[in-house]
Amino acid sequence: MKPLRAAQREALTAYSFVLPAFVIILVFGLFPVGFSLVISLFNWRIKSGTFIGLDNYLELFGSLENAFGILAGVGLLAGAAWAGKGKPLAWKIAGLALALAGGSALAESLASMAAAGDADFLRSLQVTVWFSLGTVPIQLALGLGLALLLRGKFRGRQAFRAVFVVPFVVPAVASAAVFERLFSLRPESFANQVVHAWGGPTLAWLREPKSLFSLLWNATSGGAPGSLEAYWSTWALGPSLALVCVVIYNWWVYVGYYALIFANGLGSIPPQVYEAARLDGAGPLTMLRRITLPLLSPVTYFLTLLGVIGTFKAFNSLYVLRDPVTGGATDPLSVFIFFVFFHQSRFGYAAALSMVLLALVLGLTWAQRKFGERHVFYD
Amino acid sequence: MTKADRTKRITRYAVLALGAFVALLPLVYLAANSLKTAPETVTRISPNPFAPEFWPESPQWSNFVSVWEGDQFGAYFLHSLIIGGLTLAGVLTTSVLAAYAFAKLRFPGKEGLFSLLLVSLMVPETVTLIPDFLVVKALGWVDQLAAVTVPFMAGAFSLFLLRQFFRQLPQDLMDMAQIDGCSHLGIVVRIVVPLSAAPLSTVAFLDLTSSWNALQWPLVVLQSPDWRPLSVGLARLVSGSGADLPLRMAGAAIAIVPILVVFLIAQKQITESIASYGLKT
Chain D
64 MKPLRAAQRE ALTAYSFVLP AFVIILVFGL FPVGFSLVIS LFNWRIKSGT FIGLDNYLEL
124 FGSLENAFGI LAGVGLLAGA AWAGKGKPLA WKIAGLALAL AGGSALAESL ASMAAAGDAD
184 FLRSLQVTVW FSLGTVPIQL ALGLGLALLL RGKFRGRQAF RAVFVVPFVV PAVASAAVFE
244 RLFSLRPESF ANQVVHAWGG PTLAWLREPK SLFSLLWNAT SGGAPGSLEA YWSTWALGPS
304 LALVCVVIYN WWVYVGYYAL IFANGLGSIP PQVYEAARLD GAGPLTMLRR ITLPLLSPVT
364 YFLTLLGVIG TFKAFNSLYV LRDPVTGGAT DPLSVFIFFV FFHQSRFGYA AALSMVLLAL
424 VLGLTWAQRK FGERHVFYD
Chain Y
3 MTKADRTKRI TRYAVLALGA FVALLPLVYL AANSLKTAPE TVTRISPNPF APEFWPESPQ
63 WSNFVSVWEG DQFGAYFLHS LIIGGLTLAG VLTTSVLAAY AFAKLRFPGK EGLFSLLLVS
123 LMVPETVTLI PDFLVVKALG WVDQLAAVTV PFMAGAFSLF LLRQFFRQLP QDLMDMAQID
183 GCSHLGIVVR IVVPLSAAPL STVAFLDLTS SWNALQWPLV VLQSPDWRPL SVGLARLVSG
243 SGADLPLRMA GAAIAIVPIL VVFLIAQKQI TESIASYGLK T
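Protein sequence lines, in the order shown, are assigned to chains D and Y.
Going by the working numbering, the first sequence opens with residue 64, and the numbers climb by one from there.
Going by the working numbering, the second sequence opens with residue 3, and the numbers climb by one from there.
What follows is the structure, encoded as structure tokens:
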């Protein structure tokens, strides 16, 4: 045998170094995506059943028209976003028309999917959306506020930083176990004591599937069952009180974490920039708007992406905080799909749902990246 | 110091202190209630941690004994330690080797292979859950230790983090070692690892906590209590209706304390890594 050349030897060493990690990630992280797609085409309940093609997807959407309607709606909205950006007025008007067409296609198809397809899936999608909207913007705002106070050198800075990140570091199952009691429906629970101190009534908190707006203003849903109005009025009622508790738990976990990352970003803004602005007579608000926010935009973008994708992945705390009595009022897609798989043992259908989840996550990542390219300032 | 500066300083400390209070309050509640008697959680209550009613009349350490022995938390704790230790040993070995190859060696297909591995970071656990369960079942690993360790013995995020660091290590050092007849494995063991204490401990903390906190996967692949980890034991305790508040809180405290101890020891470095990498599993 001829002796190997040095380059070949190096390559051989490299492959043997990469192999163990590669095999594990391939088998448990990459191959499953393709396998899941295959499973989703079968009537698979614990044991692999018959091949049923797209029937699982049909069951989810209710009909082929609904699936196409949703795809067309999303496509039209994406087209509208593209047409409306930085082009002449005629394009903008065309974009507006596209947005209207896309929006109404989406509204119609989702309502008809709620009637003929999997209404529970749509409810958990709604939970996911409320969850994102309730957590990410507030965490960004409060995190940035705390980060501004962590700026510069002062006594106790590291102690504050460490304390702020504690909620993020402790196991979610354990901290959720605490919040599950803080927001218990018992009159002596922490949340009820606080409300009582302000003269309020005893509330059911995590056990309250009623929506926030219906509790606050006695709002009710309207429209004939199965109609467009009936579906969209479930949106108009807002998140359930139970979900609001989950959102508050997430603020507790993530605000300090966001603050730490923002503070790190603030630290990399050169002080000369502020010095120059001050000489030009800029006040603190102008500096925040014109210097801090634009220069922080990569961090904000990173945290937004992480936060939104995170709502599609969150599981541990939600599994502990959920109360079956609420009928899934706090189950986002991740938890809903888990129960279809684990409790109903509908492997094929759950795999189809997870494929739709994957499409959603990849689509959102792509959309945010497109948006990021345009609006994020990298130096 | 001017008056404006003083007001600013006081406001800063007041708001930061309020933030710290909110961050710690649930944990203080946990500590107080894990030591109460069951009746005390109804009769002796206050939302204010500075009031004596917030705390137990006399601490009931027996709650911890009851959870540790009666509810098997002692066994679960041991399981979690073993699972965490094995996973950590595995993931550090595979990640260090692969990260070194991706950072310092030349081989065909390097960039493509690396991007392929990074793709796995985009896939949510919900997607891999069902096929992974079927794979583990086919391997006969259900209820086995291998099911909760082997799949986590490699991670794209750890690999990525280590590669970033290894790339900055001076090439001269490795070239010299090679001239002296050192193999690549020798370089990794004698040069790279000793120089990488900071990133290695970051990766170790990250992988250890994610193993300690894992819930969804062990729920699915461990149906018997043989290897049941603490996270699953605690989730079961909480979602069942049997355990009263002090026992639940004692159980949660047992899950939190080890992580908190590690955090306190390496507090500075962990906050630093979180601030700069955003560490998220």
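Beta carbons are placed, not taken as given, at the ideal position from N, Cα and C, and that holds for glycine.
Nearest neighbour of residue i, chosen from the options [CA to CA]
i                      : options                       : result
residue 251 of chain D : Y/27, Y/6, Y/25 and Y/35      : Y/35
residue 310 of chain D : D/269, D/157 and D/79         : D/269
residue 336 of chain D : D/373, D/376, D/290 and D/358 : D/358
residue 91 of chain Y  : Y/247, Y/251 and Y/155        : Y/155
residue 305 of chain D : D/381, D/117 and D/414        : D/381
residue 98 of chain D  : Y/24, Y/9, Y/122 and Y/132    : Y/132
residue 86 of chain D  : Y/96, Y/9, Y/260 and Y/271    : Y/96
residue 204 of chain Y : Y/111, Y/77 and Y/159         : Y/159
residue 140 of chain D : D/163, D/408 and D/121        : D/163
residue 56 of chain Y  : Y/101, Y/167 and Y/29         : Y/29
residue 93 of chain D  : Y/166, Y/270, Y/191 and Y/130 : Y/130
residue 147 of chain Y : Y/249, Y/213 and Y/46         : Y/213
residue 302 of chain D : D/236, D/213 and D/196        : D/196
Backbone secondary structure at residue i - three-state DSSP
i                      : result
residue 38 of chain Y  : coil
residue 475 of chain D : What is shown of chain D runs 64 to 442, which leaves residue 475 of chain D out entirely.
residue 187 of chain D : helix
residue 17 of chain Y  : helix
residue 75 of chain Y  : helix
residue 303 of chain D : strand
residue 442 of chain D : The pLDDT assigned to residue 442 of chain D is 47, lower than 50, so where the model puts this residue is not dependable, and the model offers no usable value.
residue 246 of chain D : coil
residue 250 of chain Y : helix
residue 23 of chain Y  : helix
residue 274 of chain D : strand
residue 220 of chain D : helix
residue 352 of chain D : helix
residue 108 of chain D : strand
residue 96 of chain D  : helix
residue 269 of chain Y : helix
residue 198 of chain Y : coil
residue 193 of chain D : helix
residue 283 of chain Y : With a pLDDT of 43 at residue 283 of chain Y, under the threshold of 50, the modelled position of this residue cannot be trusted, and the question is left open.
residue 283 of chain D : coil
residue 113 of chain Y : helix
residue 59 of chain Y  : coil
residue 191 of chain Y : helix
Within 7 Å, strictly: CB atoms of residue i and residue j
i                      : j                      : result
residue 129 of chain D : residue 172 of chain D : yes
residue 124 of chain D : residue 180 of chain D : yes
residue 157 of chain D : residue 146 of chain D : yes
residue 420 of chain D : residue 187 of chain D : no
residue 210 of chain D : residue 322 of chain D : yes
residue 312 of chain D : residue 227 of chain D : no
residue 282 of chain D : residue 266 of chain D : no
residue 164 of chain Y : residue 196 of chain Y : no
residue 277 of chain Y : residue 106 of chain D : no
residue 314 of chain D : residue 230 of chain D : no
residue 390 of chain D : residue 288 of chain D : no
residue 414 of chain D : residue 400 of chain D : no
residue 383 of chain D : residue 237 of chain Y : yes
residue 362 of chain D : residue 49 of chain Y  : no
residue 275 of chain D : residue 307 of chain D : yes
residue 210 of chain Y : residue 233 of chain Y : no
residue 58 of chain Y  : residue 42 of chain Y  : yes
residue 78 of chain Y  : residue 250 of chain Y : no
residue 157 of chain Y : residue 93 of chain Y  : yes
beta-carbon residue i near the ligand GDP non-hydrogen atom, thresh 6 Å
i                      : result
residue 246 of chain Y : Here there are no bound small molecules, and the ligand GDP is not part of this structure.
N-terminal and C-terminal residue of the alpha helix (DSSP H) that residue i is part of
i                      : result
residue 406 of chain D : Where residue 406 of chain D is concerned, there is no enclosing alpha helix (DSSP H), given that its DSSP letter is neither H nor E.
residue 171 of chain D : 152 to 179
residue 219 of chain Y : 218 to 223
residue 128 of chain Y : 127 to 140
residue 128 of chain D : 127 to 146
residue 64 of chain Y  : 64 to 67
residue 181 of chain Y : 173 to 181
residue 226 of chain Y : Run containing residue 226 of chain Y: none; DSSP gives neither H nor E here.
task = Compile a chain-ordered list of the residues in the region 190 to 216 of chain D whose CB is closer than 7 Å to at least one CB of chain Y.
result = 209 and 212
query = When Cβ atoms are compared, which residues of the region 228 to 246 of chain D fall closer than 9 Å to chain Y?
reply = 228, 229, 230, 231, 232, 233, 234, 235, 236, 237, 238, 239, 240, 241, 242, 243, 244 and 245
message = Against chain Y, which members of the region 376 to 388 of chain D pass a CB distance test of less than 7 Å?
response = 376, 378, 379, 382 and 383
query = If you measure beta-carbon to beta-carbon, which residues of the region 94 to 107 of chain Y are closer than 8 Å to chain D?
reply = 95, 96, 97, 99, 100, 102, 103, 104 and 107
key: Residues in the region 259 to 281 of chain Y having any Cβ partner in chain D nearer than 8 Å   = 261, 262, 265, 269, 270, 272, 273, 276, 277, 278 and 280
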